[in-house]
Each structure stands twice: as C-alpha cells, then as structure tokens.
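In my numbering, the protein residues as written are 60 to 259. Built from N, CA and C at the ideal position, the CB exists for glycine as well. Quick notes on the structure that follows.
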Ligand SMILES: Cc1cc2nc3c(=O)[nH]c(=O)nc-3n(C[C@H](O)[C@H](O)[C@H](O)COP(=O)(O)O)c2cc1C
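Structure representation (structure tokens):
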C-alpha cells in the first residue's frame, strides 16, 4: 500500500512541470479549448482584449464560426474593478483614455507571420478602443494583412475607434469597417456576422 502511494506521488510530481508549463507558456488559447473548432491550418487569427469578458464571448463565437485560432491580448498589469470604474475620473482607465500617448504594456505578443486575416476585438471605452489596442497595432507588423475590427459596447457605436487604430498601424494593411455588437448580442449574431465575411 505504501509503495503504491509513493508511486502515485512520484507520478503526480512528474506531471507537475507539464501542467505548470501549459498554464503559463502562451497567451494563445489552444484550439482544443474550444471543442467546436475544426482543426486545421487557419490563416485567420482572432485577437481580442476583454477585461470584462463580453468581447471574449464574441471572439470565441467568431473563432468557432471561422475555424480560426484565437489570441487574447493580456495587459502586463491586469485591470482591476477599480481600474475599470468609468464613473471615477481618477481611475486607471479614465487616466489612460484621457491621455492619447498612453500605451499600456502587453504581457505577451502573438506571432502573426502565418496569418493573413486578423479579426481584432475590443470593448468601446469612452467611444474609442482602449489604449492597449494602440500598443498592439503599433507593435505588430500588419503589412499585407486584412484587419477586421469588431467591438462590444453598452450603447455607443464603433464610431472612429477602428479608423483611429488604423492610423497608428502598418500603412499597407487593409482594414474593413468595424462591426459593433451590443452587450446583449448572442452567439448566433456573431456567427451570422462571421459567416457573412465569406472568409473560408
Ligand atoms: C472604462 C470603460 C469605458 C466605457 N465606455 C463606454 C462608452 O463610451 N460607450 C459604451 O457604450 N460603453 C462603454 N463601456 C462599456 C463597455 O464598452 C461594454 O460593457 C463592453 O462590452 C465591455 O467589454 P468587455 O466585457 O469585453 O470588457 C465602457 C466600459 C468601461 C470599463
């Protein structure tokens, strides 16, 4: 009995580094995390930022509809509930959005080489994309790629959010018009939009 226990403990210890590596090695959400995704070498990547997880649901639905890969932009310093309080003029998000030069750091950048189409999802903050999206478009090479912006919001439209991001990014990227979903949109709404893009 003692031997069996020791053997079990040894097995658990052997597996631990693998589990730890899985949890931290990459911000890319593996295709296997989303059982409905067909596997394959997709040329489409859904990139999203979603501190309150609304855009995240839309991004997963879009990736499912397109059979694409998916990558979450994670801030080096995660946003707390206080940071996200837009009623407080001194909150982190209020300060960032009031400063056009603000560029919050991203924890890990994706490798975009093998993708030719990037769906870029973000929430609307004060009518614009969060400043961390500026960090993203200024840090990656989008040359020759098609960027398809999408956003979620309580009531505002996409407005100039995507056009302003486009101005900061690679000159020869093609940007489609941004699609905005409201906070009550369903997975089916996202599927219908993703399929209407005729990307496959
Ligand atoms: C700092 C901040 C500013 C926001 N500004 C707006 C806004 O200008 N217009 C709007 O309709 N919703 C605004 N919202 C609501 C978000 O756009 C909306 O809840 C969005 O779906 C959140 O996406 P997420 O859950 O993926 O973070 C704001 C939310 C936050 C945290």
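- Secondary structure of residue 111 (DSSP, three-state): coil.
- Spanning the alpha carbons of residue 234 and residue 202 requires a straight line of approximately 11 Å.
- Contact check for residue 216 and residue 239: beta-carbon distance about 5 Å, within the 8 Å limit, so the pair qualifies.
- DSSP, read as helix, strand or coil, puts residue 133 in coil.
- In the DSSP assignment, the residues bridged to residue 187 are 184.
- Put simply, the stretch 164 to 184 touches the stretch 135 to 144. At least three CB pairs are less than 8 Å apart.
- Bounds of the alpha helix (DSSP H) holding residue 249 are 246 to 255.
- In the pairwise beta carbon analysis, the stretch 146 to 157 is classified as not touching the stretch 122 to 130: fewer than three pairs are separated by under 8 Å.
- Residue 194 sits in a helix when the DSSP states are folded into three classes.
- With a cutoff of 7 Å on beta-carbon distance, residue 199 and residue 120 are scored as not near each other.
- Here the alpha carbon of residue 107 sits roughly 9 Å from the alpha carbon of residue 210.
- The straight-line gap separating the alpha-carbon atoms of residue 208 and residue 218 is approximately 12 Å.
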